[in-house]
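In UniProt numbering, the protein residues as written are 1 to 193. Even glycine gets a Cβ: it sits at the ideal position worked out from N, Cα and C. All of these numbers come straight from a predicted model, not from anything done at the bench. Reviewing the structure listed below.
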């Protein structure tokens with residue numbers, strides 16, 4: 001819009017340092033209707049340019065209908081530009097937020113991996129007795145840990161399986177009792193043969 005105002009001011013041989021800012025202020029005043037703003041600008045320009053330019057130049061430059069259309073188009077373009085800038089700022093902010101969240105997620109994954117690595121290193125450094133004590137303790141709290149050992153007693157593989165237990169009363173030991181009974185029967189049959 002400033003270029004449009006400067007063009008009008010130069011055609012009317014007016015001082016740009018005085019009239020450009022003042023005219024922009026009038027045209028951007030949202031308290032008045034666009035036609036009222038243009039009428040104010042025309043009144044200022046015609047009063048200031050009276051005698052400086054020929055009447056036909058004044059009439060052609062200060063055509064109220066054309067000026068109103070131009071100002072409406074310029075204001076609409078400024079509004080669209082400011083809306084696009086706001087959308088761009090919002091998109092940039094969302095992108096930054098997304099990048100921050102992604103960075104935090106990666107840091108959390110890295111921290112979890114470091115913790116898993118620490119736990120694995122602790123298990124590798126445990127003796128067979130320490131692992132057996134650990135398995136006993138873990139099984140008391142509802143987890144099953146199965147460790148496999150090689151011929152020298154070193155841990156080869158550790159599998160953690162979480163047991164799903166609900167606190168609905170005493171544990172069901174039927175399976176365990178049946179296995180014990182079967183084992184006892186096998187032992188008895190071995191002795192009989």
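- Message: Using the three-state DSSP reduction, which class does residue 50 fall into: helix, strand or coil?
- Response: strand
- Item | Rounded separation between residue 182 and residue 104 - CA only | 55 Å
- Query: Should residue 21 and residue 42 be called a contact, given that it needs their Cβ atoms to be closer than 8 Å?
  - Reply: no
- Message: Any heavy atom of the ligand FAD inside 7 Å of the beta-carbon of residue 41?
- Response: Absence of the ligand FAD from the depicted structure is noted, as is the absence of any ligand whatsoever, leaving it without description.
- Task: Quick one: using the 10 Å Cβ neighbour count with 16 as the cut-off for buried, is residue 128 buried or exposed?
- Result: exposed
- What's the call for residue 49, buried or exposed, on a 16-neighbour Cβ count within 10 Å? buried
- Message: Here's the rule I'm using: 16 or more other beta-carbon atoms within 10 Å means buried, otherwise exposed. How should residue 73 be labelled?
- Response: exposed
- Message: Whole angstroms are fine: how far does the CA of residue 188 sit from the CA of residue 164?
- Response: With a pLDDT of only 47 at residue 164, under 50, the local geometry of the prediction cannot be trusted, and no value is derived from it.
- Message: At the level of alpha carbons, what is the spacing between residue 199 and residue 85?
- Response: Examination of residue 199 is not possible in this model, given that the chain is present from 1 through 193 alone.
- Under three-state DSSP, which class holds residue 183? helix
- Task: Assign residue 52 to one of two classes, buried (16 or more other C-beta atoms within 10 Å of its C-beta) or exposed (fewer than that).
- Result: exposed
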